[in-house]
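This report refers to the structure that appears directly beneath it.
Residue numbers (the numbering used here): 1069 to 1415.
See below:
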């Protein structure tokens, strides 16, 4: 695409690029929105993850700092105070630069369903980083609010091993638990929309075909995704993220109502486009570990070029990493993602 017929057209703002792709128009260049979140961003401003974990101002400053340093087109806007497990009462801890960890589950059997905390994402401290990002960068850049799916919330409050065992021992309980966590997804999503985000990223990491069978996805995760997306997509576009391999379930993902499918590195972008058609935006899918963390600048350049050639020709593509950029990813690799995205992504 480098040097194609779009050369010389009026440059768009980062937000306009994102909006153009969502509308089915061809932007001036492929939008670039890597998955830079509260795990990677704090180091950009010289802070530790555990500081920003409890301090919404720190988290917002970190995400702002990363956006300013690297110059991509949009940012995730994450809640403060330990983010999503806290919404339903799971105790969460983080130390130093580790990721936040759930230290105990809150649902051991049906009797515990009524003990789930009432979701309350509207508190000032939880929404502080989101509102600050919308105010500080939202005029010119896309701000994407992040929320977990009912299926992922259910796995979190139950514990992943117990949850997956329930698929076989008590599938009805799985449905009950997912129904009990659906209000949390909707509450967080609506709070983010009220705060002014441009789109919602619904993360359903545990629904991956690398973790559960496609049949279990169709039985348990897909219906919940479709329900919450159906309720939220009328207000803002929804981006559906599923980690690792989602090729076996792409057709179902495309039927959830999501405007964008955020695909991880095991997914072949050209193959994904053939499955979902031209009406859905694809976002991805540079390998966050093999390329961004462990690769060279030349590896990043090659991966960016391959992704753009595979998926961007007709628009409806956002260049991104497949998942969160690791803490150890070299700065030069993050910079290269943006540099070569601009070079090879011109229309």
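We put the beta carbon where it would ideally sit given N, CA and C, even for glycine.
Using the C-alpha atoms, what's the distance from residue j back to residue i?
{"i": "residue 1288", "j": "residue 1242", "result": "8 Å"}
{"i": "residue 1120", "j": "residue 1164", "result": "10 Å"}
{"i": "residue 1103", "j": "residue 1128", "result": "15 Å"}
{"i": "residue 1412", "j": "residue 1130", "result": "28 Å"}
{"i": "residue 1265", "j": "residue 1135", "result": "16 Å"}
{"i": "residue 1305", "j": "residue 1116", "result": "32 Å"}
{"i": "residue 1118", "j": "residue 1376", "result": "36 Å"}
{"i": "residue 1273", "j": "residue 1361", "result": "20 Å"}
{"i": "residue 1408", "j": "residue 1378", "result": "15 Å"}
{"i": "residue 1212", "j": "residue 1237", "result": "37 Å"}
{"i": "residue 1341", "j": "residue 1350", "result": "8 Å"}
{"i": "residue 1301", "j": "residue 1322", "result": "14 Å"}
{"i": "residue 1332", "j": "residue 1354", "result": "7 Å"}
{"i": "residue 1210", "j": "residue 1279", "result": "31 Å"}
{"i": "residue 1268", "j": "residue 1298", "result": "13 Å"}
{"i": "residue 1147", "j": "residue 1290", "result": "25 Å"}
{"i": "residue 1138", "j": "residue 1081", "result": "15 Å"}
{"i": "residue 1296", "j": "residue 1189", "result": "16 Å"}
{"i": "residue 1259", "j": "residue 1171", "result": "26 Å"}
Buried or exposed: which applies to residue i, given that a residue is buried once 16 or more other Cβ atoms fall within 10 Å of its Cβ?
{"i": "residue 1396", "result": "exposed"}
{"i": "residue 1122", "result": "exposed"}
{"i": "residue 1366", "result": "exposed"}
{"i": "residue 1145", "result": "buried"}
{"i": "residue 1159", "result": "exposed"}
{"i": "residue 1239", "result": "exposed"}
{"i": "residue 1388", "result": "buried"}
{"i": "residue 1324", "result": "buried"}
{"i": "residue 1184", "result": "buried"}
{"i": "residue 1358", "result": "exposed"}
{"i": "residue 1196", "result": "buried"}
{"i": "residue 1099", "result": "buried"}
{"i": "residue 1283", "result": "exposed"}
{"i": "residue 1249", "result": "buried"}
{"i": "residue 1390", "result": "buried"}
Please name the residue in the options whose C-alpha comes closest to that of residue i.
{"i": "residue 1318", "options": "1275, 1297, 1124", "result": "1275"}
{"i": "residue 1157", "options": "1103, 1146, 1140, 1181", "result": "1181"}
{"i": "residue 1217", "options": "1257, 1238, 1189", "result": "1257"}
{"i": "residue 1077", "options": "1096, 1089, 1092", "result": "1096"}
{"i": "residue 1107", "options": "1303, 1394, 1410", "result": "1394"}
{"i": "residue 1310", "options": "1346, 1375, 1392", "result": "1392"}
{"i": "residue 1380", "options": "1084, 1092, 1081", "result": "1092"}
{"i": "residue 1281", "options": "1138, 1171, 1105, 1235", "result": "1235"}
{"i": "residue 1383", "options": "1373, 1415, 1403, 1401", "result": "1415"}
{"i": "residue 1405", "options": "1112, 1141, 1126", "result": "1141"}
{"i": "residue 1277", "options": "1269, 1214, 1334", "result": "1334"}
{"i": "residue 1326", "options": "1292, 1342, 1359, 1355", "result": "1292"}
{"i": "residue 1347", "options": "1315, 1407, 1385, 1316", "result": "1385"}
{"i": "residue 1112", "options": "1132, 1353, 1299", "result": "1132"}
{"i": "residue 1177", "options": "1226, 1279, 1354, 1361", "result": "1226"}
{"i": "residue 1084", "options": "1286, 1186, 1207", "result": "1207"}
{"i": "residue 1252", "options": "1224, 1228, 1232", "result": "1224"}
{"i": "residue 1198", "options": "1155, 1399, 1185, 1143", "result": "1143"}
{"i": "residue 1125", "options": "1081, 1203, 1272, 1186", "result": "1203"}
{"i": "residue 1090", "options": "1189, 1329, 1244, 1284", "result": "1329"}
{"i": "residue 1312", "options": "1171, 1337, 1222, 1245", "result": "1337"}
{"i": "residue 1245", "options": "1303, 1230, 1105", "result": "1230"}
{"i": "residue 1400", "options": "1170, 1368, 1109", "result": "1368"}
{"i": "residue 1222", "options": "1247, 1233, 1201, 1162", "result": "1247"}
{"i": "residue 1352", "options": "1373, 1403, 1110", "result": "1373"}
Put residue i into one of helix, strand or coil per three-state DSSP.
{"i": "residue 1165", "result": "coil"}
{"i": "residue 1214", "result": "strand"}
{"i": "residue 1339", "result": "helix"}
{"i": "residue 1170", "result": "strand"}
{"i": "residue 1249", "result": "helix"}
{"i": "residue 1143", "result": "strand"}
{"i": "residue 1349", "result": "strand"}
{"i": "residue 1160", "result": "strand"}
{"i": "residue 1188", "result": "coil"}
{"i": "residue 1138", "result": "helix"}
{"i": "residue 1395", "result": "coil"}
{"i": "residue 1204", "result": "helix"}
{"i": "residue 1175", "result": "coil"}
{"i": "residue 1078", "result": "coil"}
{"i": "residue 1409", "result": "helix"}
{"i": "residue 1221", "result": "helix"}
{"i": "residue 1236", "result": "helix"}
{"i": "residue 1194", "result": "helix"}
{"i": "residue 1083", "result": "helix"}
{"i": "residue 1382", "result": "coil"}
{"i": "residue 1279", "result": "coil"}
{"i": "residue 1265", "result": "coil"}
From the DSSP output, which residues share a beta bridge with residue i?
{"i": "residue 1389", "result": "1354"}
{"i": "residue 1309", "result": "1271, 1330"}
{"i": "residue 1098", "result": "According to DSSP, residue 1098 bridges with nothing at all."}
{"i": "residue 1414", "result": "1097"}
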